[in-house]
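> Using the numbering used here, the first residue of the sequence shown is number 9, and each one after it goes up by one.
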Amino acid sequence: MAIQDVLVVGSGIAGLSYALKIAIRYPDAKITIVTKANEDETNTKYAQGGVAVVSDFENDSFEKHIEDTLRAGDGLCKVEAVEIVVKEAPERINEIIEWGVRFDKNHEGSYDLGREGGHTENRIVHHKDITGWEIERAMLEAIKTYPNIQMLTHHFVVDLITEHHLGQDKKEKTTCYGAYILDLKSEKVERHLAKTTLLATGGVGHVYKNTTNPIIATGDGIGLARRAQATVSGMQFIQFHPTAFYSEFDGQLFLISEAVRGFGAKLRTTDGELFMHKYDEREELASRDIVARAIDNEMKLRGDDYVYIDCRHLEREKFLEHFPNIYEKCKSEGYDMFTELVPVVPASHYLCGGIDVDLDGKTSIDNLFAVGECSNTGLHGANRLASNSLLEAMVFGHRAALKTVEKLEKDQFLIYDFQFPEWNEEGMKVQEELVLISYLRKQLQAMMSELVGIVRSNSRLEIAQQRINEIEKMVKEIYNFSIISPKLLELRNLVDVAQLIIQQSINQKENRVTFYNKDLKDL
Numbered sequence: 009m010a011i012q013d014v015l016v017v018g019s020g021i022a023g024l025s026y027a028l029k030i031a032i033r034y035p036d037a038k039i040t041i042v043t044k045a046n047e048d049e050t051n052t053k054y055a056q057g058g059v060a061v062v063s064d065f066e067n068d069s070f071e072k073h074i075e076d077t078l079r080a081g082d083g084l085c086k087v088e089a090v091e092i093v094v095k096e097a098p099e100r101i102n103e104i105i106e107w108g109v110r111f112d113k114n115h116e117g118s119y120d121l122g123r124e125g126g127h128t129e130n131r132i133v134h135h136k137d138i139t140g141w142e143i144e145r146a147m148l149e150a151i152k153t154y155p156n157i158q159m160l161t162h163h164f165v166v167d168l169i170t171e172h173h174l175g176q177d178k179k180e181k182t183t184c185y186g187a188y189i190l191d192l193k194s195e196k197v198e199r200h201l202a203k204t205t206l207l208a209t210g211g212v213g214h215v216y217k218n219t220t221n222p223i224i225a226t227g228d229g230i231g232l233a234r235r236a237q238a239t240v241s242g243m244q245f246i247q248f249h250p251t252a253f254y255s256e257f258d259g260q261l262f263l264i265s266e267a268v269r270g271f272g273a274k275l276r277t278t279d280g281e282l283f284m285h286k287y288d289e290r291e292e293l294a295s296r297d298i299v300a301r302a303i304d305n306e307m308k309l310r311g312d313d314y315v316y317i318d319c320r321h322l323e324r325e326k327f328l329e330h331f332p333n334i335y336e337k338c339k340s341e342g343y344d345m346f347t348e349l350v351p352v353v354p355a356s357h358y359l360c361g362g363i364d365v366d367l368d369g370k371t372s373i374d375n376l377f378a379v380g381e382c383s384n385t386g387l388h389g390a391n392r393l394a395s396n397s398l399l400e401a402m403v404f405g406h407r408a409a410l411k412t413v414e415k416l417e418k419d420q421f422l423i424y425d426f427q428f429p430e431w432n433e434e435g436m437k438v439q440e441e442l443v444l445i446s447y448l449r450k451q452l453q454a455m456m457s458e459l460v461g462i463v464r465s466n467s468r469l470e471i472a473q474q475r476i477n478e479i480e481k482m483v484k485e486i487y488n489f490s491i492i493s494p495k496l497l498e499l500r501n502l503v504d505v506a507q508l509i510i511q512q513s514i515n516q517k518e519n520r521v522t523f524y525n526k527d528l529k530d531l
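The structure is reproduced here in structure tokens:
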């Protein structure tokens with residue numbers, strides 16, 4: 009198989025912006041994007057709120073956006089990363105507008121700037137309540153105009169190719185040479201060699217029972233990175249979104265955007281009482297960790313499965329203009345937001361840590377980059393400020409692309425074309441009873457939700473560590489003797505993610521925003 013210049017794993021905003029930038033600046037580059045589902049089935053697609061960017065310099069400033077981000081991150085942000093993202097934001101936004109992204113404007117023709125929890129000014133550009141969907145649409149259209157970009161859908165990355173596959177002893181520095189990839193249609197694993205590989209695989213939401221993430225968010229990039237021995241950190245900092253539409257069923261929950269609370273919605277207990285004033289002077293506009301813990305506490309005090317979000321007092325016409333899809337979704341579930349209280353519950357939403365990268369998106373492994381939610385740039389610290397994530401993906405996608413082009417132009421790559429072995433399934437058997445894989449996945453999700461959720465404790469984490477070790481052992485036994493399948497690969501990656509979250513939660517010795525252990529003192 010021919011050697012690709014660039015292999016991109018993931019087709020969300022991070023992967024697409026990176027691929028587009030390289031295609032524009034280096035037209036001769038051979039770029040392949042692989043995604044395990046349809047090309048538009050990404051975390052990006054489900055992002056509702058918008059993109060935080062300073063555009064009103066009369067009332068806002070870079071300094072204010074930087075300060076808000078640092079405050080949300082509770083002192084654990086990398087200041088240089090925050091400054092880069094905030095100051096490069098306007099240029100990145102203008103680029104995606106040129107690619108066809110349509111942001112809402114007001115009657116004066118200026119951008120209709122929203123405000124969300126943790127922001128001190130209105131600075132969120134958005135497209136109704138489906139901003140991510142609009143960005144994904146425009147970028148996929150742009151991708152199609154570049155013949156040097158190949159999109160392979162329904163392809164699942166099994167493992168990154170490193171010196172390990174040559175049987176070499178571990179060197180001081182590991183290098184990535186591409187990946188082994190399962191073609192879900194042919195059911196064959198193929199060797200894809202590449203000079204540069206980017207992980208842009210999104211989040212880890214389905215390590216928990218309830219999440220706002222799409223079904224694809226199983227931490228695949230982080231699993232790949234951990235097994236290749238890349239440095240991964242900050243996994244203890246999981247942001248739970250306070251207001252996901254309550255369902256009796258596990259899985260992806262519909263997100264009721266934080267912008268709804270920014271618009272004026274209030275939170276009430278099941279007996280109709282307001283409660284956020286007891287937890288923070290900002291009430292419903294407090295940062296997500298505070299609101300999520302407040303809801304969690306109220307639910308536990310009363311033994312309830314949910315609280316309510318109250319939109320009955322809001323102006324109907326303006327609300328429908330901003331949140332038409334949220335309104336229609338709730339109505340389809342039997343709730344009219346203008347006449348009824350809507351049940352909501354916290355759900356895992358965003359990973360603030362991930363694969364460690366520098367300011368150009370480079371990981372600790374040579375020729376391997378990571379961008380987007382699977383990466384840890386230092387922007388979020390212990391807590392992501394609302395609507396900073398799409399922006400981070402654009403800024404670091406751009407910076408990683410520039411660094412990749414620089415490396416390609418120097419052409420200082422060494423690929424062992426004939427030495428890396430093809431995938432070998434000899435002696436493996438088809439796993440006929442997928443029920444075992446499904447059972448272990450549900451066991452893992454239940455354990456993580458109950459023991460490593462919004463509120464943790466030393467004893468819960470100790471039990472979780474023992475349990476994940478048992479699950480990991482069983483999954484390894486299945487993997488070592490089975491022909492691989494998507495369900496098995498996802499479970500394998502979720503085990504890696506859970507191990508990292510649990511171990512780094514045990515190592516965390518102080519409570520910081522999204523991380524809360526009731527046995528530790530607040531900082």
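All residues carry an ideal CB built from backbone N, CA and C; glycine is no exception.
Can you tell which of Leu-207, Asp-68, Glu-430 has the C-alpha that lies nearest to the C-alpha of Ala-238?
By 1-based counting over the sequence shown, the position of residue 238 is 230. Answer by Cα proximity: Leu-207.
> Assuming Pro-351 and Ile-303 are in contact, meaning their beta carbons sit under 8 angstroms apart, how far apart are those beta carbons, in whole angstroms?
Counting from 1 along the sequence shown, the entry for residue 351 is found at position 343. Counting from 1 along the sequence shown, the entry for residue 303 is found at position 295. Incorrect: roughly 11 angstroms between the Cβ atoms, too far for contact.
> From Leu-444, Glu-518, Ile-492, pick the residue whose C-alpha is nearest to that of Ile-189; which is it?
If you number the sequence shown from 1, residue 189 lands on position 181. Per the Cα distances, Ile-492.
> How about the segment 64-79 and the segment 133-146: do they share at least three Cβ pairs that are nearer than 8 angstroms?
Segment contact: the segment 64-79 against the segment 133-146, fewer than three CB-CB distances shorter than 8 angstroms; contact not assigned.
> For Thr-205, which of helix, strand or coil comes out of DSSP?
By 1-based counting over the sequence shown, the position of residue 205 is 197. Of the three classes helix, strand and coil, the one that applies to Thr-205 here is strand, per DSSP.
> Output the boundary residues of the beta strand (DSSP E) element that contains Pro-351.
Here the question's residue 351 lines up with position 343 in the sequence shown. Pro-351 -> beta strand (DSSP E) spans 350-359.
> Using C-beta distances below 7 angstroms, list every residue in its chain close to Val-90, excluding the 5 sequence neighbours before and after it, in chain order.
For the purposes of this step, residue 90 is identified with residue 82 of the sequence shown, where counting begins at 1. The residues are Ile-74, Thr-77, Leu-78, Leu-387.
> Which of the three DSSP states, helix, strand or coil, is assigned to Asn-67?
One-based indexing of the sequence shown puts residue 67 at position 59. Note: Asn-67 maps to coil in three-state DSSP.
> Could you give the DSSP three-state label for His-330: helix, strand or coil?
Here the question's residue 330 lines up with position 322 in the sequence shown. In the structure shown, His-330 sits in a helix (DSSP, three-state: H, G or I).
> Do you know whose CA, among Ala-225, Gly-227, Thr-226, Thr-220, lies nearest Ala-252's CA?
Within the sequence shown, numbered from 1, the residue matching residue 252 stands at position 244. Looking at the Cα atoms, Thr-220 is the closest of the given residues.
> Could you tell me whether the segment 84-102 touches the segment 401-413, using the rule of 3 or more Cβ pairs below 8 angstroms?
yes
> Span of the beta strand (DSSP E) holding Gln-158?
Indexing the sequence shown from 1 puts residue 158 at position 150. Here the beta strand (DSSP E) through Gln-158 covers 157-160.
> So Gly-229 and Cys-382 are supposed to be a Cβ contact under 8 angstroms. How far apart are they, rounded?
In the sequence shown, residue 229 corresponds to position 221, counting from 1. In the sequence shown, residue 382 corresponds to position 374, counting from 1. Right, the Cβ-Cβ distance comes to about 4 angstroms (below 8 angstroms), so this counts as a contact.
> For Glu-329, which of Gly-122, Leu-359, Glu-417, Gln-512 has the nearest alpha-carbon?
Indexing the sequence shown from 1 puts residue 329 at position 321. When only C-alpha atoms are compared, the closest one is Gly-122.
> For a test of the three-state rule: what should DSSP assign to Gly-369, helix, strand or coil?
Here residue 369 corresponds to residue number 361 of the sequence shown, with the count starting at 1. Three-state DSSP puts Gly-369 in coil, outside helix and strand.
> Could you check the C-alpha separation between Ile-169 and Val-197 for me, to the nearest Å?
Start at 1 with the first residue of the sequence shown, and residue 169 comes out as number 161. Start at 1 with the first residue of the sequence shown, and residue 197 comes out as number 189. If you take the alpha carbons of Ile-169 and Val-197, they lie about 13 angstroms apart.
> Cα separation between Thr-205 and Asp-167?
As a position in the sequence shown, residue 205 is number 197, starting the count at 1. As a position in the sequence shown, residue 167 is number 159, starting the count at 1. About 12 angstroms.
> Considering only their Cβ atoms, is the gap separating Gly-231 from Leu-359 smaller than 8 angstroms?
Within the sequence shown, residue 359 is the residue found at index 351, counting from 1. Within the sequence shown, residue 231 is the residue found at index 223, counting from 1. Not in contact: Leu-359 and Gly-231 (Cβ atoms no closer than 8 angstroms).
> Taking the alpha-carbon of Thr-161 as reference, which of Met-147, Asp-191, Thr-183 has the nearest alpha-carbon?
The count along the sequence shown starts at 1 and reaches residue 161 at position 153. From the listed residues Met-147, Asp-191, Thr-183, the smallest Cα separation to Thr-161 is found for Asp-191.
> Compute the beta-carbon to beta-carbon distance between Leu-469 and Ser-513, rounded to the nearest angstrom, for a pair I have assumed lies under 8 angstroms.
Your numbering for residue 469 matches position 461 in the sequence shown. Your numbering for residue 513 matches position 505 in the sequence shown. Their Cβ separation, rounded to whole angstroms, is 6 angstroms, which keeps Leu-469 and Ser-513 in contact under 8 angstroms.
> Let me make sure I understand the geometry here. Which of Ala-472, Asp-364, Pro-222 has the alpha-carbon closest to that of Lys-86?
In the sequence shown, residue 86 corresponds to position 78, counting from 1. With distances taken between Cα atoms, Lys-86 lies closest to Asp-364.
> Hey, would you say His-357 sits closer than 8 angstroms to Phe-248, going by beta carbons?
Numbered from 1 along the sequence shown, position 349 holds the residue referred to as residue 357. Numbered from 1 along the sequence shown, position 240 holds the residue referred to as residue 248. Going by C-beta atoms, His-357 is nearer than 8 angstroms to Phe-248.
> Give every residue of the same chain whose Cβ lies closer than 7 angstroms to the Cβ of Glu-325, excluding the five residues on either side of it in the sequence, and list them in chain order.
Walking along the sequence shown from the start, residue 325 turns up at place 317. Excluding sequence neighbours, Glu-325 sits near nothing in its chain.
> Less than 8 angstroms between the beta carbons of Gly-126 and Ala-267, yes or no?
As a working note, residue 126 is residue 118 in the sequence shown. As a working note, residue 267 is residue 259 in the sequence shown. No. Outside cutoff.
> So which of Asp-288, Ile-246, Ser-467 has the shortest CA-CA distance to Arg-392?
Counted from its first residue, the sequence shown places residue 392 at position 384. It is Ile-246 whose Cα lies nearest to the Cα of Arg-392.
> Go ahead and label Ser-467 buried or exposed: buried means 16 or more other beta carbons lie within 10 angstroms of its beta carbon, across all protein chains shown.
What you label residue 467 is simply residue 459 of the sequence shown in a count that begins at 1. It counts as exposed.
> Can you tell which of Tyr-26, Val-17, Ile-11 has its C-alpha closest to the C-alpha of Asp-368?
As a working mapping, residue 368 is identified with position 360 in the sequence shown. Closest by alpha carbon: Tyr-26.
> Please list the terminal residues of the continuous alpha helix (DSSP H) segment that includes Lys-274.
Against the sequence shown, residue 274 aligns to sequence position 266. No alpha helix (DSSP H) contains Lys-274, which is instead part of the beta strand (DSSP E) from 274-276.
> Rounded to a whole number of angstroms, what is the C-alpha to C-alpha distance between Leu-28 and Ile-224?
By one-based count along the sequence shown, residue 28 stands at place 20. By one-based count along the sequence shown, residue 224 stands at place 216. Cα to Cα, the separation comes out at about 23 angstroms.
> Distance, Cα to Cα, Ser-465 vs Phe-257?
Counting from one through the sequence shown, the residue named residue 465 turns up at place 457. Counting from one through the sequence shown, the residue named residue 257 turns up at place 249. Roughly 26 angstroms between the two C-alpha positions.
> Please report the straight-line C-alpha distance between Thr-50 and Arg-145, rounded to a whole angstrom.
In the sequence shown, residue 50 corresponds to position 42, counting from 1. In the sequence shown, residue 145 corresponds to position 137, counting from 1. Distance between the alpha carbons of Thr-50 and Arg-145: 11 angstroms.
> Determine the extent of the alpha helix (DSSP H) in which Val-483 is found, giving its start and end residues.
As a first step, residue 483 is located in the sequence shown; it is residue number 475 there, counting from the start. Run containing Val-483: 466-488, per the alpha helix (DSSP H) assignment.
> Check whether the segment 107-118 and the segment 305-316 touch, using three or more Cβ-Cβ pairs below 8 angstroms as the test.
No, because fewer than three Cβ pairs between the segment 107-118 and the segment 305-316 fall closer than 8 angstroms, the two stretches do not touch.
> Mapping DSSP to helix, strand and coil, what is Pro-98?
Indexing the sequence shown from 1 puts residue 98 at position 90. Under the three-state reduction of DSSP output, Pro-98 falls in the helix class.
> Between which two residues does the alpha helix (DSSP H) carrying Gly-342 extend?
For the purposes of this step, residue 342 is identified with residue 334 of the sequence shown, where counting begins at 1. Segment: none, Gly-342 is in no alpha helix (DSSP H) and carries neither H nor E.
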